[in-house]
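Numbering (full-length UniProt numbering), first residue to last: 1 to 336.
Heads up: the structure comes next, in structure tokens.
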């Protein structure tokens with residue numbers, strides 16, 4: 001099978017973790033019982049998940065002089081750093097509260113992540129999208145950088161995890177028809193549906209209904225949708241030539257307690273993309289990719305995310321491919 005290469009144009013942050021008894025409330029001051037500083041950013045997290053899952057990934061992000069240690073850290077973890085360039089702006093930052101029950105709250109400062117140096121340098125250098133078979137995007141970089149990547153992705157499979165959610169105006173004008181796979185959580189799915197339909201009132205009773213409504217809306221009726229539901233699992237809406245089919249995969253059974261949910265979504269997305277890559281550079285639903293294939297892909301991604309919540313941190317919590325395979329092996333034997 002032809003080799004696949006995923007380009008991730010995304011964010012890289014300095015993540016400041018504050019471990020607290022409970023997420024701070026408005027007007028409240030609390031003490032943190034632990035503090036860690038780690039590599040973060042949804043782009044870097046998802047790129048590292050692809051790498052840990054065994055995929056070839058090229059990450060394109062920007063750091064400031066205060067973030068040079070991030071480059072050496074991700075290189076030490078096995079990620080190609082040729083696409084990380086320096087800017088005079090301060091490095092992007094995330095202030096993360098992690099409660100004792102594993103829940104989290106995050107405040108982002110974009111910093112260098114909003115730099116468009118990668119796009120500006122293309123006039124004199126090769127396009128960073130050259131030779132990409134898959135292109136993965138989030139929403140922690142400049143909106144114009146995201147639009148550039150989609151416009152120049154060529155025949156590559158495109159995947160976007162629009163987190164944090166774009167503004168309603170950006171959602172309405174976004175070229176969703178260029179997106180093959182949309183990966184969202186249920187809150188993001190609700191925001192997209194309200195923006196796509198100007199629907200103020202809640203017109204659905206379950207997450208299944210919401211995903212069905214979103215997949216039928218004019219903005220997203222050409223895009224496959226993966227909606228994660230946390231402890232409830234994941235729903236997929238696959239757009240066929242004449243109809244939409246739906247797949248549900250339950251959450252993984254944990255072997256330990258929930259320690260930190262911060263990196264679960266990024267771990268899921270990275271593993272999802274890596275499993276897509278295993279089916280070849282042009283695999284699309286109905287053409288090299290069956291519904292059963294997608295179900296199996298989701299089972300792997302769900303299991304990887306399940307392992308990640310049993311560990312602290314984001315990149316640190318992402319399991320290696322063999323760890324996921326070992327967890328899946330007993331499940332596979334039981335289903336035979």
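Don't be surprised by glycine CBs; every beta carbon is placed ideally from N, CA and C.
Skipping 5 residues on each side, what residues in its chain have a beta carbon closer than 6 Å to that of residue 305? 264, 267, 268
For residue 11 versus residue 170, is the C-beta spacing smaller than 8 Å? no
Closer than 7 Å by C-beta to residue 102: which residues in its own chain qualify, once you throw out the five before and the five after it? Chain order, please. 258, 259, 260, 261, 309
Can you grab the Cα-Cα spacing for the pair residue 79 / residue 303, in whole Å? 22 Å
Could you compute how far the alpha carbon of residue 94 sits from the alpha carbon of residue 41? 8 Å
As assigned by DSSP and simplified to three states, the class of residue 223: coil
Could you give the residue range of the alpha helix (DSSP H) that holds residue 43? 42-52
Is the region 146-162 touching the region 170-183 in the sense that three or more CB pairs, one from each, lie closer than 8 Å? yes
Measuring alpha carbon to alpha carbon, tell me which of 319, 255, 207 ends up nearest residue 236. 207
Residues of its chain near residue 143, where Cβ-Cβ distance is below 8 Å and the 5 sequence neighbours each way are ignored: 166, 170
Ordered along the chain, which non-local residues of its own chain (more than five positions away) have a Cβ less than 7 Å from that of residue 67? 14, 91
Please classify residue 193 as buried or exposed, where buried requires at least 16 neighbouring CB atoms within 10 angstroms. buried
Presumed contact (8 Å Cβ cut-off) between residue 4 and residue 134, rounded CB distance: 6 Å
Is it buried or exposed, residue 46, if we count other Cβ atoms within 10 angstroms and call 16 or more buried? buried
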